Each structure stands twice: as C-alpha cells, then as structure tokens.
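Colleague: For the record, in the sequence shown the residue sitting at position 36 is 1532 according to my numbering, with numbers rising by one throughout. Don't be surprised by glycine CBs; every beta carbon is placed ideally from N, CA and C. No experiment lies behind these values; they were computed from the predicted model shown. Have a look at the structure that comes next, please.
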Amino acid sequence: MKSLKEQTDAKIASGRLAKPEFMKGVDEVIAEAKSFEKGANAVKIGQKAPDFELPNAVGETISLSDLRKQGAVVVTFYRGDWCPYCNLQLRALQARLTEIQALGATLVAISPQVPDGSLTKSEINEMDFIVLSDQNAKVAAEYGVAWDVPEFLLDHMRIDRSLDLETINNGNGNILPIPATFILGKDGLVKWSYVNVDYRTRSEPEEIIAELKKLA
C-alpha cells in the first residue's frame, strides 16, 4: 500500500500537469505563508492542550477531558470533506485505526463544517473515529492553527470549485485550520505534533503510531 506521502505527492504531480498556473500560485502562497511562520504559534510539545467541547455530526457534545480519561488522544485538524488531501489523510488514518486504538488512543478529526445533514452523510463521518465540528475554527485558533486563507485560494474554491464555505461552515468562510495533528497524553500535555501550512502535506500514520508506542 502506498504511503500517505506517496499519495499526496502523486496528487500534487497530477495537479501540476492539469493546472500548472494554479499550482504555481499555490506554491507562491504557501511560500509566503511560511515566510510569515504561519503555524508558529501552535501549541508546543510539553504545553497543556486547550480543552474543548464540540458537537459531532448528530449534535452530541464531545469533550476532550472525557476522552483523555480513556488514554491518549490524537487530534487532527482538517479543512473539510471537500478537501481531497484531507480525504487522503483521513482514509490513511482509518486504515491504521485498529493499531491506533490498540495502543489505547482515541482519534478525533476536527473541521469547521457545521454538524448538519451534509456532514452526517459525509464519507469522513462514516469512518470509525470521532468527527467534530469547530465552527469558525475557534478551537483551531486556541491550538494556534487557524489562519485567514489567502484570497488566491478562496477565489479558487469559490469560482473553480463552486464551494460556498460560509454555508458549508455556517460561519466565517475565510478562516480554515492549518492541517495539523497533535498527540495528547492522558495528562493533557502535547506529546507530539505536526503542523504545516502547506495543506498538501500531512503527517504519516506511521509517525503517529511510532509516537503512541513510546507513550504506551
């Protein structure tokens, strides 16, 4: 089976062939974002992770404090079920979920999507981990991984992909999470993290499992 990096690299390469000008623009936007250290304020290893209470797809409130009572928690922020890179990442995590759970950890995926019928029917929601709604990316902001999406990318989503993020998120359509993953210990401290403003690049499930083994 291909690694997540091999899958995302293939998608990037395909995009460069199909839409070279757009991908060149994305490269420039990401380079600028990195130059301003977007994501540099993310919670650090050893720091206390902000607690949260968020609804799942059917409106039930899930709290981080309750999840931590069961063991380590893997929290991953994703942009939405409309994002192909997010789908690749979450499918890859789903494929290794049994191993993650065997190490005593709970996997939680968080996006700004509103918990309505569209999320209930989402392929992501049908996966076997917890999917939560963080409207206006408030929790993402507390974790230091929310950012104002550059107009270049917003235009692409609105015009080329016909995405109405204000409706999808039932709130601010200009703010999305930087795709990021945190491993939180039972004590609530951040044990490991992966934060990259380039939404096309994600942490490997293998890395997460390796870190969970250290905790176990």
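Figure out for me which residue from Leu1685, Ser1699, Gln1609, Met1653 has the closest Cα to the Cα of Asn1666.
Modeller: The sequence position of residue 1666 within the sequence shown is 170, counting from 1. Nearest of Leu1685, Ser1699, Gln1609, Met1653 to Asn1666, Cα basis: Gln1609.
Colleague: Sort Ser1658, Val1645, Ile1671, Tyr1639 by Cα distance to Lys1540 and report the nearest one.
Modeller: For this step, residue 1540 is matched to residue 44 along the sequence shown. If we check each option's Cα against that of Lys1540, Tyr1639 comes out closest.
Colleague: Could you pull out every unbroken alpha helix (DSSP H) segment of at least 4 residues lying fully inside the stretch 1599-1669, listed in chain order?
Modeller: 1613-1616, 1634-1638, 1647-1651, 1661-1665
Colleague: Using beta-carbon positions only, say whether Trp1688 and Ile1704 come within less than 9 Å of one another.
Modeller: Stepping through the sequence shown from its first residue, residue 1688 is reached at position 192. Stepping through the sequence shown from its first residue, residue 1704 is reached at position 208. By the CB criterion at 9 Å, Trp1688 and Ile1704 fall inside the cutoff.
Colleague: Under a three-way DSSP split, which group does Ala1676 fall into?
Modeller: Taking the sequence shown and counting its residues from 1, the one referred to as residue 1676 is at position 180. Strand, per DSSP.
Colleague: With three or more beta-carbon pairs closer than 8 Å as the criterion, would you say the stretch 1675-1686 touches the stretch 1510-1524?
Modeller: Result no; under three Cβ-Cβ pairs closer than 8 Å.
Colleague: Taking C-alpha atoms, which residue in Leu1708, Met1497, Thr1697 lies nearest to Ala1591?
Modeller: Within the sequence shown, numbered from 1, the residue matching residue 1591 stands at position 95. With distances taken between Cα atoms, Ala1591 lies closest to Met1497.
Colleague: What is the rounded straight-line gap between the Cα of Asp1644 and the Cα of Gly1600?
Modeller: In the sequence shown, the residue the question calls residue 1644 occupies position 148. In the sequence shown, the residue the question calls residue 1600 occupies position 104. Rounded to the nearest angstrom, the two C-alpha atoms are 35 Å apart.
Colleague: What span of residues does the alpha helix (DSSP H) with Lys1515 cover, start to end?
Modeller: In the sequence shown, residue 1515 corresponds to position 19, counting from 1. Run containing Lys1515: none; DSSP gives neither H nor E here.
Colleague: Rounded to a whole number of angstroms, what is the C-alpha to C-alpha distance between Ser1510 and Arg1696?
Modeller: Looking up residue 1510 in the sequence shown gives position 14. Looking up residue 1696 in the sequence shown gives position 200. Cα-Cα distance, rounded: 12 Å.
Colleague: Tell me whether the beta-carbon of Val1635 lies closer than 9 Å to the beta-carbon of Ile1679.
Modeller: In the sequence shown, residue 1635 corresponds to position 139, counting from 1. In the sequence shown, residue 1679 corresponds to position 183, counting from 1. At a Cβ-Cβ threshold of 9 Å, Val1635 and Ile1679 do not count as neighbours.
Colleague: Could you give the first and the last residue of the continuous alpha helix (DSSP H) run that contains Glu1702?
Modeller: Residue 1702 sits at position 206 when you count from the first residue of the sequence shown. Segment 1701-1711, the alpha helix (DSSP H) holding Glu1702.
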